[in-house]
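For reference, the structure is listed below as structure tokens.
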Amino acid sequence: MSDEGPTAPQPAEQPAEQPPQQPGQDPGLEPWLREILRCPSCRSELRDAIGPHGGAELVCTNEACALAYRVDDGIPVMLVDEARSTRA
Ligand SMILES: [Zn+2]
1 MSDEGPTAPQ PAEQPAEQPP QQPGQDPGLE PWLREILRCP SCRSELRDAI
51 GPHGGAELVC TNEACALAYR VDDGIPVMLV DEARSTRA
């Protein structure tokens, strides 16, 4: 009996430090927060967008809904009453 399994090198542990924020489009929303957020109207996922006034928005990916929720100081306002419709 011989153990000839190749000894694969262990993947290097990634350092815990986060890379600096990418310049450019930065809606100021934490990635983990965006992942758990869903459109309160139709429960679809949201995508980042920039509103007509230059502020960050989260826009529903459901084209039949397409509501845009504004983000105030990194806090998304997930209220259907406050949402803006982006449907043409
Ligand atoms: Zn929706």
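The opening residue of the sequence shown carries number 1 in this note's numbering; numbering runs sequentially from there.
Yeah, the Cβ is synthetic: ideal placement off N, Cα and C, and Gly gets one too.
Quick caveat: nothing in here was measured; it's all calculated off a predicted structure.
May I ask you to list the residues that DSSP assigns as paired with residue i?
| i | result |
| --- | --- |
| A49 | E57 |
| L67 | S85 |
State yes or no: is the C-beta of residue i nearer than 7 Å to some heavy atom of ligand 1?
| i | result |
| --- | --- |
| S41 | yes |
| S44 | yes |
| L67 | yes |
Is it true that the CB of residue j sits closer than 8 Å to the CB of residue i?
| i | j | result |
| --- | --- | --- |
| L37 | D48 | no |
| T61 | S41 | no |
| A68 | A83 | yes |
| A56 | T86 | no |
Let me know the secondary structure DSSP gives residue i once reduced to three states.
| i | result |
| --- | --- |
| D72 | strand |
| L33 | helix |
| V80 | helix |
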